[in-house]
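Heads up: the sequence shown begins at 32 in our numbering, then just goes up one per residue.
Yeah, the Cβ is synthetic: ideal placement off N, Cα and C, and Gly gets one too.
Here is the structure we will look at, set down as structure tokens.
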Amino acid sequence: PTSVPATEVYSCAKLIGREEVGTGADWALVKLDRPVAGHSPLKVNRGGNPAKGTPLIVIGHPAGLPTKVAGGASVREVKSGYFTANLDTYGGNSGSAVFNARTGQIEGILVRGENDFVYDSANSCRRSNVCTNEGCRGEDVTTISSLVGSIPTAAAEALKAYTQSSGPSLNTLKGMAGDSSR
Numbered sequence: 032p033t034s035v036p037a038t039e040v041y042s043c044a045k046l047i048g049r050e051e052v053g054t055g056a057d058w059a060l061v062k063l064d065r066p067v068a069g070h071s072p073l074k075v076n077r078g079g080n081p082a083k084g085t086p087l088i089v090i091g092h093p094a095g096l097p098t099k100v101a102g103g104a105s106v107r108e109v110k111s112g113y114f115t116a117n118l119d120t121y122g123g124n125s126g127s128a129v130f131n132a133r134t135g136q137i138e139g140i141l142v143r144g145e146n147d148f149v150y151d152s153a154n155s156c157r158r159s160n161v162c163t164n165e166g167c168r169g170e171d172v173t174t175i176s177s178l179v180g181s182i183p184t185a186a187a188e189a190l191k192a193y194t195q196s197s198g199p200s201l202n203t204l205k206g207m208a209g210d211s212s213r
């Protein structure tokens, strides 16, 4: 779409919680100005942090581009409040949901990462910084477990009930990421 209806635009009514710890957790949770109509909440992992090697998918809007879905990534290292992964992202992806490719649940929120571009002096331009799966420093993702305790009880209960019902299916997420192992 070329425009967003006013009914789909929400404002912050209240800051419920936030945390920004150096290179650790980085998040804010807001209460919206009104209930969200016509949309279902996404499933979140309420059971702890993902393990090293957990397959991941990220959905976001990198570098001003339209929605990009990138799969084929995995957790490289888990630290306090965040994990590092080999996600294919750029500036502008910050705040993107990072999904577990097996369960379809949100594992975290993308917050920072590798330098996106390197200067190519031979051609006098900047080009994408291409990294191997184990190369470069990776991208940092605040674990969803860092903020679920800040979600008010009523919302937490609704989310728990929702995780046991419907939502975007794992096959839908995998299809968006071009994963043929469905």
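If you compare the alpha carbons of Ala68, Gly91, Glu108 and His70 with that of Ser125, the shortest gap goes to Gly91. Contact annotation: the stretch 55-69 does not touch the stretch 80-98, with fewer than three C-beta pairs closer than 8 Å. Looking at the DSSP output, Asn131 bridges to Leu87. Counting C-beta pairs with one atom in each stretch, the stretch 96-110 and the stretch 66-76 have fewer than three that are closer than 8 Å, which means they do not touch.
Linking Tyr121 to Glu39 through their CA atoms gives a straight-line distance of about 26 Å. Here DSSP, grouped into helix, strand and coil, assigns Val40 to coil. With 16 or more other Cβ atoms inside 10 Å of its own Cβ, Asp57 counts as buried. Between the beta-carbon of Tyr113 and that of Val172 there is about 6 Å, and that keeps the pair under the 8 Å contact cut.
In the three-state reduction of the DSSP assignment, Val172 falls in the strand class, which pools E and B.
One thing to note: Asn131 has its Cβ within 7 Å of the Cβ of Glu138. Scanning its chain for C-beta atoms nearer than 7 Å, with the 5 sequence neighbours on each side dropped, one finds around Leu46 the residues Ala59 and Val61, in chain order.
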